[in-house]
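Q:
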Amino acid sequence: MFSYVFGSASTYFHLPIEEDEDEDDFIPSSTRHISWASPDTTLVDCDTIPSSIPSSTSSQSQPGSSKPRELHSQGPSAKNKAVINEILAQDDCYAVLGISRSTRIDKLTLRRAYLARSKSCHPDKFPDNPEATRAFQKVSVAYDILSKPSSKRMYDSRPTQAPFDFFASRTFQAEETFRGVVIGVINDMLDGDLEMIRTLLFAVNNMNPSLQLGEEGINSVLMTLQAIRTRALTCRTCIHALHNEVSRLLEAQRAFRQLSYFDLRRRSHLMIHIARLTISMPIALEEALRQQKQEDYGKDALRDNQTALLNRRIYALLRGVVSVLERMEGLVKK
Numbered sequence: 473m474f475s476y477v478f479g480s481a482s483t484y485f486h487l488p489i490e491e492d493e494d495e496d497d498f499i500p501s502s503t504r505h506i507s508w509a510s511p512d513t514t515l516v517d518c519d520t521i522p523s524s525i526p527s528s529t530s531s532q533s534q535p536g537s538s539k540p541r542e543l544h545s546q547g548p549s550a551k552n553k554a555v556i557n558e559i560l561a562q563d564d565c566y567a568v569l570g571i572s573r574s575t576r577i578d579k580l581t582l583r584r585a586y587l588a589r590s591k592s593c594h595p596d597k598f599p600d601n602p603e604a605t606r607a608f609q610k611v612s613v614a615y616d617i618l619s620k621p622s623s624k625r626m627y628d629s630r631p632t633q634a635p636f637d638f639f640a641s642r643t644f645q646a647e648e649t650f651r652g653v654v655i656g657v658i659n660d661m662l663d664g665d666l667e668m669i670r671t672l673l674f675a676v677n678n679m680n681p682s683l684q685l686g687e688e689g690i691n692s693v694l695m696t697l698q699a700i701r702t703r704a705l706t707c708r709t710c711i712h713a714l715h716n717e718v719s720r721l722l723e724a725q726r727a728f729r730q731l732s733y734f735d736l737r738r739r740s741h742l743m744i745h746i747a748r749l750t751i752s753m754p755i756a757l758e759e760a761l762r763q764q765k766q767e768d769y770g771k772d773a774l775r776d777n778q779t780a781l782l783n784r785r786i787y788a789l790l791r792g793v794v795s796v797l798e799r800m801e802g803l804v805k806k
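FYI, in our numbering the residues of the sequence shown are 473 to 806.
Below you can see the structure in the form of structure tokens.
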């Protein structure tokens, strides 16, 4: 069973490689993709979202229906302060993102760098820190320039010694860039990895009959993954939870891409790991929303086993699948 799963599923990974594309290549081109909101779109409070997930347009919360949330810490840690200071001290787009200058940069590398940098300086984490806000804007400008072939070519043609003014004559849309990158990673994952995940889920079902997954359960898991991108990205809490998850996913994809095709054991281990990270995304959103509700309304805000986003059956099903995948990871890693 393991050999069948590993042999068939390892061909399904979608690892986006940068081609010489048009500037709007990062904008989803299919209607089954979600696009990020325009700069004047309000991120709504997740309390307005129903507790189950039928995938329909009615599930969208109405903009302006509630006050936007802000997730923040008491202040930047020493590590985050060092990153913020490093970003502010740089006047080169590549240095701001912490990557090497190159004529070609693939999307995976660029997105990994952007998410890592933005995690250390996002204004919602440090709302009273203007330096974090400026660092976040610089990271977004650098990403916007290097992610578009035409602007990258123009930037690369500048003298390397010439300082670059990140704040001159620019309309900042840093939050739009942030949401766009997170959504882009999720779109790529759902377009490229769902068949691999389906294959693994059938293997999990065959090896663990007590889980009672079945074809209906497998379809429910896949539908939840597809619906969550539309439902969850309407609130700040969900965006920050997904930020962490997609960062881990990109790290795993990078490690997978660097392996030899004949390194079957490690490829198998990372394949299962990527599937587990993907299936864990709705769980991460559920737990983030539960924590937010309890912080806002007290520990009794969610009574008994009430869920904040997923219905109980799907939540239990996802937790069971993740537990089985964790055990599979351990077996393959030994």
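Beta carbons are placed, not taken as given, at the ideal position from N, Cα and C, and that holds for glycine.
Report, in whole angstroms, the separation of the C-beta atoms of Ile744 and Val793, which I expect to be a contact under 8 angstroms.
A: That pair is no contact at about 11 angstroms.
Q: Considering just the uninterrupted stretch of the alpha helix (DSSP H) at Phe734, what are its terminal residues?
A: Where Phe734 is concerned, there is no enclosing alpha helix (DSSP H), given that its DSSP letter is neither H nor E.
Q: Measuring straight from C-alpha to C-alpha, what distance separates Cys707 and Met668?
A: Spanning the two alpha carbons is a distance of roughly 29 angstroms.
Q: At the level of alpha carbons, what is the spacing between Ser740 and Lys771?
A: Computed Cα separation, rounded: 41 angstroms.
Q: For Cys710, which option in Phe734, Glu687 and Leu781 has the closest C-alpha, if you only look at C-alpha atoms?
A: Nearest option by C-alpha distance: Leu781.
Q: Measure the alpha-carbon distance for Arg720 versus Ala756 and round it to whole angstroms.
A: Whole-angstrom Cα-Cα distance: 12 angstroms.
Q: Roughly how far, in whole angstroms, is the beta-carbon of Val693 from the beta-carbon of Leu789, given that I think they are within contact range, below 8 angstroms?
A: Yes, they are in contact, since the Cβ atoms of Val693 and Leu789 sit about 7 angstroms apart, within 8 angstroms.
Q: With H, G and I counted as helix, E and B as strand and the rest as coil, what does DSSP make of Gly770?
A: Coil.
Q: Between Leu662, Glu801, Leu683 and Ser795, which lies nearest to Arg701 when the distance is taken from Cα to Cα?
A: Nearest of Leu662, Glu801, Leu683 and Ser795 to Arg701, Cα basis: Leu662.
Q: If the criterion is Cβ atoms closer than 8 angstroms, does the pair Glu801 and Arg748 meet it?
A: Yes. Within cutoff.
Q: With a threshold of 7 angstroms on Cβ separation, who are the neighbours of Ala811 within its own chain once the five nearest residues in sequence on each side are excluded?
A: Lying outside 473 to 806, the shown extent of the chain, residue 811 is not represented and no answer is given.
Q: Which first and last residues belong to the alpha helix (DSSP H) in which Lys591 is found?
A: Residues Lys579 to Cys593.
Q: Which whole-angstrom value is the C-beta distance of Leu683 and Val796, which I expect to be below 8 angstroms?
A: Yes, Leu683 and Val796 are in contact; Cβ-Cβ is about 7 angstroms, under 8 angstroms.
Q: In three-state DSSP terms, what is Thr671?
A: Note: Thr671 maps to helix in three-state DSSP.
Q: If you follow the alpha helix (DSSP H) that Arg784 is in, where does it begin and where does it stop?
A: It spans Arg784 to Lys805 - the alpha helix (DSSP H) in which Arg784 sits, taken as one unbroken run.
Q: Taking only runs that begin and end inside the region 674-760, name each unbroken alpha helix (DSSP H) of 4 or more residues, in chain order.
A: Those alpha helix (DSSP H) runs which fall completely within the region 674-760 and span 4+ residues are 686-704 and 708-730.
Q: Is it true that the CB of Phe638 sits closer than 8 angstroms to the CB of Lys610?
A: Yes, these two residues count as a Cβ contact at 8 angstroms.
Q: Kindly indicate which residue of Phe650, Asp600 and Leu697 has the alpha-carbon position closest to the one of Leu582.
A: Of Phe650, Asp600 and Leu697, the residue nearest in Cα terms is Phe650.
Q: Give me the Cα-Cα distance between Lys579 and Phe608, rounded to the nearest whole angstrom.
A: Whole-angstrom Cα-Cα distance: 19 angstroms.
Q: Less than 8 angstroms between the beta carbons of Leu569 and Ala614, yes or no?
A: Yes, they are a contact pair.
Q: Can you tell which of Asp563, Ala588 and Asn678 has the C-alpha that lies nearest to the C-alpha of Ala640?
A: It is Asp563.
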